[in-house]
Every structure is written in structure tokens, then in C-alpha cells.
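What follows is one structure encoded as C-alpha cells, with my remarks underneath.
Protein chains: 2
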Amino acid sequence: MDKTKFTTPIPLSEIQIMDNFWKNEMELVRTEVIPYQWAALNDSVEGAAPSYCMRNFKIAGKMNREKQQKGASYIEPKYTFRGFEALPENPDKLEDKFYGFVFQDSDFSKWIEAVGYSLTQHPDAELERLADSAIDIVCAAQQDDGYLDTYYIINGKDKIFTNLRDHHELYCFGHLVEGAVAYYQATGKTKLLHAAERFADYIYDYFGEDEDKCKGYPGHEIAEMALVRLYEATGSKKYLELSSFFINQRGTKPYYFDTEGHPDEKSDADGLRYFYHQAHLPVREQTEAVGHAVRAAYLYSGMADVARLADDESLFTACERLWDNIVNKKMYITGAIGATHMGEAFSFEYDLPNDTAYAETCASIGLVFFARRMLEIKPDAKYANVMERALYNGVLSGMALDGKSFFYVNPLEVNPTACRKDERKFHVKPVRQKWFGCACCPPNIARLISSVGSYAYTESDDTLFVHLYIGGKLTKNVNGTDVDVNISSQFPWEGNVEIKVRAGHTKFRLALRIPDWCGLDASKGWELENADRFNIEEKDGYIYLSKQWADEDTINLKFAMEVRLMSASTAVREDIGKAALTRGPLVYCLEEADNGKNLHLLSVKAENNFEISDGKICDTFIKKITAQGVRENEQSVDGLYGPLTARRGNDVTLTYIPYYTWANRGENEMQVWTRIDYND
Amino acid sequence: MDKTKFTTPIPLSEIQIMDNFWKNEMELVRTEVIPYQWAALNDSVEGAAPSYCMRNFKIAGKMNREKQQKGASYIEPKYTFRGFEALPENPDKLEDKFYGFVFQDSDFSKWIEAVGYSLTQHPDAELERLADSAIDIVCAAQQDDGYLDTYYIINGKDKIFTNLRDHHELYCFGHLVEGAVAYYQATGKTKLLHAAERFADYIYDYFGEDEDKCKGYPGHEIAEMALVRLYEATGSKKYLELSSFFINQRGTKPYYFDTEGHPDEKSDADGLRYFYHQAHLPVREQTEAVGHAVRAAYLYSGMADVARLADDESLFTACERLWDNIVNKKMYITGAIGATHMGEAFSFEYDLPNDTAYAETCASIGLVFFARRMLEIKPDAKYANVMERALYNGVLSGMALDGKSFFYVNPLEVNPTACRKDERKFHVKPVRQKWFGCACCPPNIARLISSVGSYAYTESDDTLFVHLYIGGKLTKNVNGTDVDVNISSQFPWEGNVEIKVRAGHTKFRLALRIPDWCGLDASKGWELENADRFNIEEKDGYIYLSKQWADEDTINLKFAMEVRLMSASTAVREDIGKAALTRGPLVYCLEEADNGKNLHLLSVKAENNFEISDGKICDTFIKKITAQGVRENEQSVDGLYGPLTARRGNDVTLTYIPYYTWANRGENEMQVWTRIDYND
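Sequences listed follow chains R and U, in order.
Take the position in the first sequence, starting the count at 1, then add 1; the result is the number in our numbering.
Take the position in the second sequence, starting the count at 1, then add 1; the result is the number in our numbering.
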């Protein structure tokens with residue numbers, strides 16, 4: 002690692018996103034997702050399974066007050082349930098017990114995090130009041146010792162930290178910290194931050210290297226990166242130390258999870274027991290991304306954070322290895338990861354089935370987290386390219402264009418009949434769902450979209466990095482002087498970017514990413530107007546621009562945004578003989594609504610004249626692309642099998658739409674990878 | 002149904018199979034499978050899980066004797082276990098209890114059935130003595146009232162017929178009957194037959210339409226066709242009546258299985274509860290083949306039997322509908338059925354994935370049963386074509402060329418890495434297995450192969466039907482005169498057939514099937530030497546030959562056995578743009594051993610010059626076929642995705658081997674469907 006290359010995200014409070022495309026997404030989150038999410042937290046969504054989230058906090062708070070009033074030394078446990086989900090015995094007559102999933106507390110934390118980000122971009126006094134009142138409820142549940150997880154507060158604190166593997170206790174803690182830091186950074190208010198710190202202190206006292214401390218680590222990772230955020234927000238080194246401990250301890254032998262005593266444990270004949278948790282090997286010895294894809298991406302993100310802050314070269318090397326493994330062997334073209342629903346996990350290398358993909362929205366979000374953290378260590382476009390790919394495709398596809406329904410699973414090919422009739426594809430939904438009992442993806446999208454500015458730009462002392470061409474205004478302080486930068490672009494539809502800089506006369510560099518989708522052929526993929534005004538250095542996929550800045554300078558940059566037919570590595574069996582269409586950061590797909598049923602009958606001509614035109618899907622502007630293709634005639638043989646005949650098909654025009662906009666026109670077929678027709 | 006068209010199988014005792022190809026398979030069964038199976042029944046196979054089958058019979062017999070000695074009125078139950086499989090508490094110290102699966106008795110029945118068939122083709126006094134001694138052990142377990150299922154005899158007869166859905170009680174009964182009839186017909190010995198009759202009588206008294214009788218039916222079908230066989234062997238009409246009852250009762254409401262009270266029952270919101278058992282609708286209302294494929298094929302076979310014998314047109318119509326549904330929408334080109342491992346079941350129409358296929362050997366065997374029974378009603382080549390397809394491909398692939406290992410699952414595409422690493426494909430094995438605890442497929446292959454003569458030929462009063470060109474001698478009685486027919490062929494390798502007939506001067510017709518794989522193009526697919534000697538009628542895919550027979554006549558027939566590239570219906574998504582190679586009755590495949598790794602990189606040219614040559618696999622003669630193909634260069638892009646480039650591949654020679662011979666040269670890739678290259 003070269004510390005001089007380290008970059009850090011620009012605080013959201015210093016950024017105003019002005020981008021047409023992303024502002025719209027953020028408004029959806031603000032006006033649709035956040036209010037809906039609040040209703041869900043409070044069990045007031047008609048027809049949706051109750052979350053019990055805020056209810057659990059209230060009950061824990063009530064028990065807390067009763068204890069304090071009675072001067073009791075501990076809370077009488079309710080022992081509602083010790084499993085993964087507790088449902089009320091009688092839904093019409095709820096008792097003062099814990100209900101919902103073990104991780105239900107995190108619903109609040111994800112919401113407050115999104116609220117925090119949203120407030121930086123769109124101040125809203127009423128929302129802030131609501132958030133403050135929710136924080137009051139949550140904080141009232143906190144124990145005198147700092148502990149704050151309602152599952153154990155209500156059910157009995159005698160059992161805390163006894164099932165780290167399955168019970169998401171440190172996961173809930175991690176989300177609480179993330180939410181608390183975000184809300185503090187947005188509002189300056191410290192109540193929730195202090196609560197999170199107190200809980201973190203409690204955990205710090207419990208876990209660690211000291212002989213008398215517990216040697217456990219999270220079953221579902223996130224605390225690792227959350228603790229780093231808490232360290233960066235508060236400056237308190239012990240949080241970084243705790244994060245390092247969790248990471249270094251993970252996967253060492255004897256396995257901590259073994260010592261917890263899980264009676265249902267499967268035999269570990271294949272040494273595969275903790276693959277699912279990325280706890281099968283010490284993290285520095287892990288070379289392949291395995292197990293639950295969201296957990297994996299969260300762990301790797303935390304590892305990158307700690308590598309950077311602890312100046313840990315071996316940890317960074319492990320991160321690079323895992324990154325390369327994902328990107329070169331385990332990632333869909335949409336930036337989705339997690340090819341199998343068995344364990345919502347990475348499959349083996351190059352196994353990327355399109356129709357049975359798990360490709361969870363949260364996993365793509367995790368990949369964005371990981372990418373940004375790698376960029377903080379080393380501004381190399383290879384990270385930002387993947388970040389962009391995941392963001393515009395695998396993440397955005399998770400939310401409907403109206404912000405009202407969501408995909409957890411983002412397949413690259415869908416036949417609705419199979420989703421309904423084939424048990425092997427029951428995890429694949431042909432249309433987005435309203436909200437799930439396990440509310441991971443929608444709030445995760447909400448927090449990512451509302452904080453997209455933290456991913457678009459990072460900075461070092463004298464350089465502003467633009468990783469994503471998302472329009473926005475931001476201010477960077479260079480040696481005490483404020484540099485104002487105003488970026489505008491028509492991404493993802495056009496490759497033009499205009500950047501206005503008011504740098505005064507400071508020493509200042511702009512580093513502009515050259516996207517991987519331009520400039521791969523002989524001609525240069527980008528053009529800078531009046532380039533001779535600048536000192537230009539091209540390095541690791543970035544254009545470093547400097548000059549003697551005037552009071553206001555305007556940079557006009559153009560990236561060639563061509564339609565490209567892409568092929569996959571020949572090692573990907575599922576994509577052999579097929580091509581996907583992309584333009585700029587967007588992956589495109591065919592949908593039945595435009596191309597009729599039986600998309601598998603279509604092939605796209607290798608030599609093609611693509612036409613790009615403006616269109617709308619559900620009132621949302623898109624650029625659609627038409628291409629020449631062939632539709633094979635249906636049922637060319639009698640019965641199921643017959644002698645191969647000369648090909649019979651008709652030339653057709655294929656209409657491609659951006660992948661993230663699919664399934665917004667009802668249930669229908671979709672496919673990203675289409676067979677290639679090499680003939681004229 | 003036209004009764005004048007009914008045909009019946011020739012008794013095996015009237016047939017001597019002399020066929021090179023099938024005689025070899027039968028010898029494998031006789032010398033390898035039957036002895037191995039006997040050892041398995043007696044728990045003396047090193048390294049294999051014990052079956053406990055004969056042991057259970059001995060214990061039940063011992064309890065029986067003790068009861069008789071004590072003059073007790075009932076056997077003290079052992080209550081070993083009431084679940085699906087009972088394992089000993091201490092494997093080193095077995096007690097006098099029932100061990101194994103609930104259906105373990107059927108292991109004996111399948112063995113005795115295969116033994117019976119084998120004795121007709123290869124008398125073997127020692128084997129017969131062994132069989133007789135086994136029969137003694139089995140019969141000693143029979144109760145005074147005729148009941149004979151060791152699971153309930155040992156565990157407590159108070160529970161008999163309380164779990165028809167899951168406990169295979171009537172399945173074991175059915176297999177016992179099949180074995181008993183086969184052994185009786187082979188040897189003339191009646192001991193086991195009488196035992197089966199007594200058990201059948203017991204069941205007849207228990208189940209039926211009378212008000213006071215139980216309205217249940219088998220959870221796993223087979224008793225239906227077994228009872229018909231018992232009726233045909235004994236002439237006792239009540240067995241036919243019982244079979245009709247089971248069939249007519251099935252799927253009627255209220256569902257019988259509901260009344261048994263299964264506390265673990267899932268809700269039937271979708272009305273899908275008994276799809277798995279084909280008990281979701283009355284059988285005459287079933288139009289789609291659904292559920293567990295073996296059960297389905299056994300049911301349909303029984304339905305066809307009863308339709309014929311009870312002259313039940315509506316039942317026959319249901320059979321035809323289900324037949325057409327399977328053959329036109331749910332069958333692999335290998336004659337395999339059951340596209341999903343979820344429930345070892347039929348998937349939805351046209352869903353025929355190659356790499357995750359279940360395609361159980363037993364299900365193809367069941368399809369052969371069904372086909373023969375349809376032929377008994379109506380000699381139409383459409384049934385025999387499928388019978389042949391299943392037999393030479395989906396069935397034979399179940400057994401290794403040395404008869405020592407077996408496939409339960411017969412996929413059409415295998416990547417061994419996926420079998421090991423992808424949980425979704427764990428059911429697919431890249432090499433045949435020794436023997437399973439659930440020993441259904443190996444003994445099922447054994448009984449089918451040793452009785453293949455019953456499928457090759459059937460007869461009506463004056464006509465001998467040759468459905469399969471399997472070499473053999475047989476005698477048909479026509480109005481008191483014996484007609485000797487001697488068939489010889491080089492099937493499946495060459496299309497020549499020679500038939501010598503000694504018909505005396507009787508009125509006699511030969512009906513010779515025209516295989517669906519010949520004669521589909523403009524020219525006639527078959528040629529009869531000196532055809533003008535015969536009266537020839539072509540009907541329903543058969544050539545009906547008659548003439549004024551001389552003392553000895555020789556018929557020389559030749560079917561064009563061309564190499565054919567086949568395509569699937571365009572409705573089969575998995576096979577789009579792909580072709581399979583066939584020749585005669587055989588489906589061919591590519592194997593890594595001949596074509597290198599990464600078979601998905603290969604494509605076969607649509608215009609091709611096939612070459613056929615003699616070869617060997619594991620010392621077994623085969624005809625292999627070479628074809629022109631293209632191998633795409635590996636890894637044509639950097640990383641996972643890159644712009645599509647002009648195709649880069651090399652012309653290669655593809656070597657195809659018969660599908661049934663795959664996986665005899667160690668673990669390797671295999672594929673039946675290969676991408677088509679339409680270019681020159």
C-alpha cells in the first residue's frame with residue numbers, strides 16, 4: 002500500500018447531488034421508500050407481515066423503565082422464543098414479548114441511516130423530528146451497561162453472545178453504528194451516536210485479545226466496517242482495534258463457532274463448515290470468495306477499511322486477491338454476485354447461471370461498499386468500473402421505477418412459468434415484491450442511493466477523484482482554500498461531462514476516471530476539449546488534470562458511449578455462444594413486452610446497426626436500443642424431437658431496454674444474454 | 002378400444018433370446034447383478050450400507066414361530082421405529098428388530114423376479130436352489146391371515162394400513178406379487194405364488210367398494226399392475242377387481258390420504274398436495290403427467306392393464322392423453338423422464354434441463370412398462386418407438402458396461418466440477434455408484450433386462466408382432482400348430498434383420514415395426530428382399546406380412562440406419578440452437594475422454610460428413626461416429642466480459658459414442674446436446 006495514494010470520501014454534507022438521473026432515484030427513496038419503511042417498522046402497512054421492530058424497542062424500553070422504577074438489578078426475561086423468528090401465539094392479542102426475526106432491530110438502523118443521508122440532500126424538519134422521536138424510543142431500550150439488542154433484552158440477557166453464528170447480534174450492532182454515524186454526520190445530533198458508542202464500548206470490553214475476553218466474531222459481518230466508521234467519526238482508536246480483532250480472529254482454529262455448541266451441527270468432513278460465514282480460514286489465507294455473498298462483501302469491505310487504517314499490507318493483499326477472484330470469476334455482467342440460492346452464496350468459479358441466479362440486491366450493494374473502500378486505498382479505475390457496473394445495474398434493478406416494489410433476487414433471464422412451476426426457481430420472482438418480512442434489500446437500496454455521493458467522489462490532499470460521473474456540486478478544502486467543483490453530465494445516457502471548477506489559484510488536481518466501456522478499440526475513448534490547456538497524466542485508468550487554475554474553469558470531457566455487444570469468458574458455460582448488449586454503464590436486456598414471448602428463440606446478429614432512441618417505461622425516460630436479430634420459427638419439428646432441418650427464422654428487430662428497468666410492465670420474460678447469429 | 006387388436010406378450014418360457022447385444026446385457030445381469038444383489042440383500046457387501054432385507058424376514062419368521070409355539074394370538078410388537086428408515090442403535094449389536102427402509106422387503110421381490118426371468122433364459126440349478134431357500138425364509142414370515150410385510154409384522158400389526166401414503170406397504174405387496182408370478186412362470190413352483198395370493202386375498206378383504214372396506218390406495222403405485230399380473234397368472238377375477246378399485250378410487254374426494262392424518266401435512270392452498278402421488282384428481286381427469294415419475298409410470302401402466310382387461314374406454318383415453326403428454330412434452334431424447342430432482346418428478350411442460358435432469362433409470366423402466374401395455378391394447382409403432390428409445394438409452398445408461406455400478410440419475414450433460422461443487426446438482430453423479438441403500442434402480446434394470454423378450458414381441462391370435470429387433474427364437478401357437486420364428490439382427494449397430502419362419506401352412510401374419518428413425522425423408526426407410534412374395538400391408542407403423550408360408554421362409558429386411566442430427570422442439574429452451582446425434586435406436590453423446598475438456602466450447606456443423614467406425618469402450622464393442630465440428634478458442638476476452646470479437650475457433654473432429662456407454666472411462670464431462678454451427 003502506498004499511503005500517499007489514500008483517498009477519502011467527501012462528506013455528504015459537502016456535496017449536493019444535482020444529477021437528473023440520481024436525483025430522481027433519491028427522490029423516490031425520500032418520498033416513497035423512507036415513509037413506507039417507517040410504516041413497515043411500525044407494523045402499519047396493510048397486508049404486509051408485521052416487522053415488530055419499533056414495538057420490540059418500546060417493550061424493551063418499558064421493561065427498562067419498570068426495572069429502574071423498581072430498582073431491580075435485572076430484567077425478568079420473557080423467553081418468547083430462542084429461534085430465528087418469533088411469531089405471536091395469537092396475532093390478535095400481542096403480549097409484551099419479542100416478535101419477529103432475531104435481526105429485527107436492524108430495520109430501524111437501516112431506516113435512520115437512509116434518513117440521515119436524505120437529510121443532507123433534502124433538509125426536512127418533519128422527518129428529522131420523526132427520526133428524533135424514533136431515536137428516543139430506541140435509546141430508552143438501552144441498558145445501563147450499554148447493551149442494546151431487544152432480542153436479548155426482552156428474552157433474557159443471560160443468553161447474550163451465546164449464538165454469534167446465527168443470531169445476528171453483532172450484525173444488529175453494526176447496523177446501529179452505521180445508522181448512528183450517518184445521522185450524526187447529517188444532523189450533528191449525538192444522542193444515537195452516544196448510544197452506539199456505549200454499546201460499542203460494552204462489546205469492546207467483552208471481545209478481544211486479552212486472555213479473559215471472548216474470542217468470538219460476527220456470524221453475519223458488518224460490525225467490522227461499522228466500527229471503522231465509528232472510529233473515523235469519533236477518533237476513538239479502540240473501535241478500530243475491535244474491528245481488527247474481529248477480522249484477525251475470524252476463521253482461526255479452533256473455530257469459535259464450534260465452541261458455541263450448536264447441537265444441529267453438520268459434520269465437517271469436507272472442512273466446509275464455515276464457508277458460508279467466510280470463517281473456514283483466517284482471512285489472509287482466503288483466496289476464493291465463498292459463502293453467503295452479502296456477508297462476504299461486508300467482510301471484505303471491513304478488511305479493506307482495516308487494511309488501510311492499520312497499514313496492513315497482508316490484509317490488503319487478501320482483499321486484492323478476493324476482489325480479483327470475484328471480478329474475474331464470480332460476477333455477473335450486471336455487477337451481481339452470488340450465483341446460487343443455496344446459502345444465497347457464491348457458486349464455484351465461472352458458474353454464473355442466468356435463470357437460477359441469486360444475485361441479491363444487497364450483495365451488489367456490498368460489492369459497491371467493497372469497491373469504494375479499495376478506491377480509498379488505491380485509486381485504480383478497475384474498482385470504480387465495477388462499482389459503476391453494480392450500481393447502475395445489479396443495484397438499481399432491485400427497485401421498481403416507482404420506488405414501490407423490490408427485487409431481492411436479480412436474475413439475468415426469467416421465464417415466469419418456470420418461476421411459478423419449477424421449485425428450483427421459486428426464489429426467482431418475475432415481478433418485484435412489495436416488502437418482505439426479511440427487509441434487507443429495500444432499506445439497503447435506500448441507504449445506498451441516498452448516499453451515492455460518497456461513492457462518486459473521493460479526495461486526497463490535493464486531488465479530487467471523480468469515480469462516477471454523477472452531477473453534483475461539492476467543495477473541497479485544499480490547504481485552507483475552498484475549491485468548488487460543479488459536475489454535470491447526462492450519464493448514463495450520454496458520455497458528455499462538464500466540470501466547472503473554482504479553484505482560486507490553489508494547487509489542485511482533478512482525477513477523472515476513464516470508464517472501461519470506452520476506448521477499448523484503437524481510437525481513444527475519450528476527448529477533452531482544449532486539452533492543451535492542461536497538464537494531463539493518464540494513470541491506472543484516471544486522467545489527472547492540473548493547470549494554473551483561473552477563477553472559473555470549465556472542463557468539457559466526452560466519453561465515447563457506443564453500443565457494444567459483449568461476450569463472456571468462454572469459461573462461463575451458461576453464456577457460451579451468447580452476447581449481452583451494453584451502452585456506457587448500462588447493461589441492456591430483452592423483455593417480452595417489446596419482443597414477444599419465447600425470448601430464447603431470438604438471436605442477435607454479430608454484425609449489427611444499432612439504433613438508439615428515446616423512450617419511456619412507466620413515465621421514466623430511457624434510451625432504448627434496437628438491433629437486428631432473427632426469430633427462430635416455433636415448433637419446427639413434430640413432437641419433441643425430429644431431424645434437424647435448415648434453419649428457419651425471420652429477421653426481426655430486437656428492442657433492448659436498460660436492465661435496471663425490466664419488470665416494470667407486469668410479469669413477462671426477460672433475458673440479458675442472447676444467442677449470437679454470425680450469419681448475414 | 003378395438004379388442005380385436007389386443008396383443009399379449011409371449012411367455013418368456015417360449016422365447017430364447019439369442020441376440021448378441023442383449024444376450025451380453027443379460028449375462029451381465031446373471032453373472033454380476035443377481036449375485037451382487039443377493040449379497041446386498043444379506044448384508045454381505047463389503048463397504049455397502051446393510052439392507053437388512055433378508056434379516057428382517059428371518060426375524061419376522063422367528064417371531065412367527067415363537068408365536069405359533071406359544072399358541073399366542075398375536076406377535077408382541079418391537080416398535081423399532083415408525084419412520085421411513087430404521088437404523089440400529091448399535092450397529093455392532095443388532096437386535097431382533099426391523100432395520101432399514103420401510104420398503105426394504107421389496108429388495109427380495111425384485112431379486113426373485115430377476116432370478117425367475119434369468120432362469121427362463123439360462124437354467125441354473127444352484128441359483129434356483131438358492132432362490133427356493135430364500136422363498137422359504139420369506140414365506141416363514143407370512144402371518145396366518147396372509148399378511149406379509151416385515152415392517153409391520155415386526156413393529157406391530159396394529160399399525161398396518163395406517164400410512165398408505167408414505168410407508169410403501171402396498172408397494173412392497175406389489176413387488177412381492179410381481180416376483181412371485183415371475184418365479185412361478187419360470188419354474189412352475191407355486192410356493193411364493195400362493196403366499197402372494199394369500200397376501201392379495203388379505204388385501205382384497207381389507208380394501209374395496211363395500212361400505213365396510215377401507216377406501217385407500219397405494220402411496221407408491223405398482224400394486225395396480227401387479228394385481229393384473231396375478232389375475233392373468235391365476236385367473237382369479239378378484240385381483241383385477243382390486244386393481245380397478247385402487248385405480249378408480251385414486252384422487253377422488255375426500256382425499257383418502259387426508260383421512261390418514263398426517264400431522265406434518267402442508268396446506269393445500271394450491272390444490273397441489275397429492276400431485277406427487279398422482280392422487281390430486283381422479284385418474285380419468287388427469288391430463289398432465291405430474292409428480293414422482295416412477296410412481297406415475299407405474300400407475301399409468303396399471304391403468305392401461307385395467308383399461309384393456311376391464312374394457313374401459315375412458316381409462317384408455319386417459320392413458321393415451323397421459324402418454325401423449327409425456328412423449329410430446331416431458332421426455333428427454335434418451336427416453337428419460339422426470340426433469341426435476343425436487344420430488345424426483347416431472348417438471349412443467351417442455352422444461353427439460355440437461356444438466357440438472359433427474360431422469361431416473363427406474364422412470365425410463367416405468368415408461369417401457371407403460372409402452373408395452375399400450376401396445377397390448379393397440380399395436381401402434383408410436384408406443385414401440387418410445388419403448389425402444391427408453392430401453393437403449395435411458396435404461397441401459399443406468400448400468401456400467403461391466404454390470405458393477407449404476408446410475409439412478411441419467412443427466413444429458415455433466416460437468417463433474419458442478420456435481421461436486423454445486424448443491425443444485427448434488428443428485429447428479431459423474432460416475433456410476435456401487436449400490437445404494439435405496440436399491441431401486443439396479444434390481445429394476447436387472448428385472449427388465451432379463452425379461453426383455455416380453456417387450457420385444459407380442460402376439461394376437463394369428464399375428465406375431467416384432468416391436469424390437471432383438472434376436473431370438475420363439476414359438477407361437479396358431480390354432481394348435483406351433484410356428485417357430487427365429488429372428489436375428491445386428492441391432493443396434495446395423496439395420497439388417499433376418500427372420501426365419503417355420504409356419505407349416507397355417508394362417509399367420511408377421512407384424513414388423515418400422516422404426517421412427519428410418520424413412521422420414523422422401524425415400525422409404527426400409528427394404529424387404531423379394532417383397533413380391535408377400536402380401537404387405539403397412540399400418541400404424543407396422544409392416545404386416547403374410548403369404549402362403551412354406552416349410553421354412555426367410556425374410557430379409559433392412560432398415561436405413563443413418564446418422565441423424567436431431568433438434569428438439571423450439572419449446573424446449575435448454576436445447577435451442579443445439580443438436581443431438583442419433584443413429585438407429587441409439588442416442589449418441591460427446592465425452593471428454595474423446596473430445597477434451599470444456600465440451601460447451603464445441604459446436605457440430607449442420608452440414609456434416611459423418612463417419613462410422615468400430616471401436617471399444619472397456620472391451621465392449623461399439624460403433625463410434627465422428628463428425629466435423631468447431632472448438633471455440635478458450636478465454637477470448639480479458640477478465641469475465643469483453644467486447645464480442647469475430648469468432649475464433651478451430652475445426653475439430655468430434656467423436657460421438659453411444660449415450661448408454663458414457664462414464665465408463667472414469668469421471669469426465671459428457672453432453673448430448675451440442676451447439677449447431679451453420680457456417681461452412
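In this text, a Cβ means the ideal position worked out from N, Cα and C, and glycines have one as well.
Chain-ordered neighbours of residue i on chain R, where CB pairs are closer than 7 angstroms
| i | result |
| --- | --- |
| His-601 (chain U) | Arg-574 and Ile-577 |
Supposed contact pair residue j and residue i - C-beta distance, whole angstroms, cut 8 angstroms
| i | j | result |
| --- | --- | --- |
| Leu-165 (chain R) | Pro-219 (chain R) | 6 angstroms |
| Gly-175 (chain R) | Ala-224 (chain R) | 4 angstroms |
| Gly-585 (chain U) | Asn-21 (chain U) | About 15 angstroms; that fails the 8 angstroms criterion. |
| Cys-155 (chain U) | Met-64 (chain U) | Residue 155 (chain U) is actually Ile in this sequence, not Cys. About 7 angstroms separates the two Cβ atoms, so the contact holds. |
| Val-229 (chain R) | Gly-147 (chain R) | Contact flag wrong, Cβ pair sits at about 19 angstroms. |
Delimiting residues of the alpha helix (DSSP H) encompassing residue i
| i | result |
| --- | --- |
| Ile-658 (chain U) | Element bounds for Ile-658 (chain U): not the alpha helix (DSSP H) but the beta strand (DSSP E), 650-659. |
| Gly-180 (chain U) | 170-188 |
| Asn-21 (chain R) | 21-29 |
| Arg-230 (chain U) | 224-235 |
| Asn-386 (chain R) | 382-390 |
Under 8 angstroms from the C-beta of residue i: neighbouring residues of chain R
| i | result |
| --- | --- |
| Asn-416 (chain U) | Arg-574 |
| Tyr-642 (chain U) | Ile-334, Met-567, Ser-568, Ala-569, Ser-570 and Ala-581 |
| Arg-584 (chain U) | By Cβ distance, chain R contributes nothing, its closest Cβ being about 12 angstroms from Arg-584 (chain U), past 8 angstroms. |
| Arg-676 (chain U) | Ile-577 and Gly-578 |
Residue interval of the beta strand (DSSP E) (run including residue i)
| i | result |
| --- | --- |
| Cys-590 (chain U) | 587-592 |
| Gly-630 (chain U) | 621-633 |
| Leu-566 (chain U) | 564-569 |
| Leu-475 (chain U) | 473-479 |
| Glu-198 (chain U) | Segment 192-207 is the alpha helix (DSSP H) holding Glu-198 (chain U); no beta strand (DSSP E) there. |
| Lys-716 (chain U) | Because chain U spans 2 through 681 in this model, residue 716 (chain U) falls outside it and cannot be assessed. |
| Asn-416 (chain R) | Unbroken run through Asn-416 (chain R): none, as it is neither H nor E. |
Proximal residues of chain U, C-beta to C-beta of residue i below 8 angstroms
| i | result |
| --- | --- |
| Asn-680 (chain R) | Tyr-679 and Asn-680 |
| Ser-348 (chain R) | Lys-422 and Asp-423 |
| Thr-357 (chain R) | Arg-425 |
| Asp-381 (chain R) | Correct list: empty, because the minimum Cβ distance to chain U is about 14 angstroms. |
Chain U contact residues for residue i, given Cβ-Cβ distances below 7 angstroms
| i | result |
| --- | --- |
| Ala-607 (chain R) | Leu-645 |
| Asp-352 (chain R) | Ala-419 and Asp-423 |
| Arg-648 (chain R) | Tyr-679 |
Chain-ordered neighbours of residue i on chain R, where CB pairs are closer than 9 angstroms
| i | result |
| --- | --- |
| Met-343 (chain U) | Asp-423, Glu-424 and Arg-425 |
May I ask you to list, following chain order, the residues of the stretch 64-77 of chain R that have a beta carbon less than 9 angstroms from some beta carbon of chain U? Within the stretch 64-77 of chain R, no residue qualifies.
Pull out every residue of the stretch 318-341 of chain R whose Cβ sits closer than 8 angstroms to any Cβ of chain U, in chain order. Residues Val-328, Asn-329, Lys-330, Met-332, Ile-334 and Thr-341.
Decide if the stretch 110-122 of chain U is in contact with the stretch 89-102 of chain U; the criterion is three or more beta carbon pairs, one per stretch, under 8 angstroms apart. no
For the stretch 421-431 of chain R and the stretch 33-40 of chain R, state whether three or more C-beta atom pairs, one from each stretch, are separated by less than 8 angstroms. The stretch 421-431 of chain R, when compared against the stretch 33-40 of chain R, does not touch it at the 8 angstroms Cβ threshold.
Does the stretch 288-302 of chain R touch the stretch 358-367 of chain R, meaning 3 or more C-beta pairs lie closer than 8 angstroms? yes
Check whether the stretch 344-364 of chain R touches the stretch 406-416 of chain R, counting contact only when three or more Cβ pairs, one atom from each stretch, lie closer than 8 angstroms. yes
Decide yes or no for the touch test of the stretch 499-512 of chain R against the stretch 534-548 of chain R: beta carbon pairs closer than 8 angstroms, at least 3 of them. yes
Check whether the stretch 658-673 of chain R touches the stretch 641-648 of chain R, taking contact to mean three or more Cβ pairs, one atom from each stretch, closer than 8 angstroms. no
Would you say the stretch 564-581 of chain R touches the stretch 597-612 of chain U, given that touching needs at least three Cβ pairs under 8 angstroms? The stretch 564-581 of chain R, when compared against the stretch 597-612 of chain U, does touch it at the 8 angstroms Cβ threshold.
For the stretch 491-503 of chain U against the stretch 554-572 of chain U, are there 3 or more C-beta pairs whose distance is under 8 angstroms? yes
Are the stretch 202-222 of chain U and the stretch 246-254 of chain U touching by the rule of at least three beta carbon pairs closer than 8 angstroms? yes
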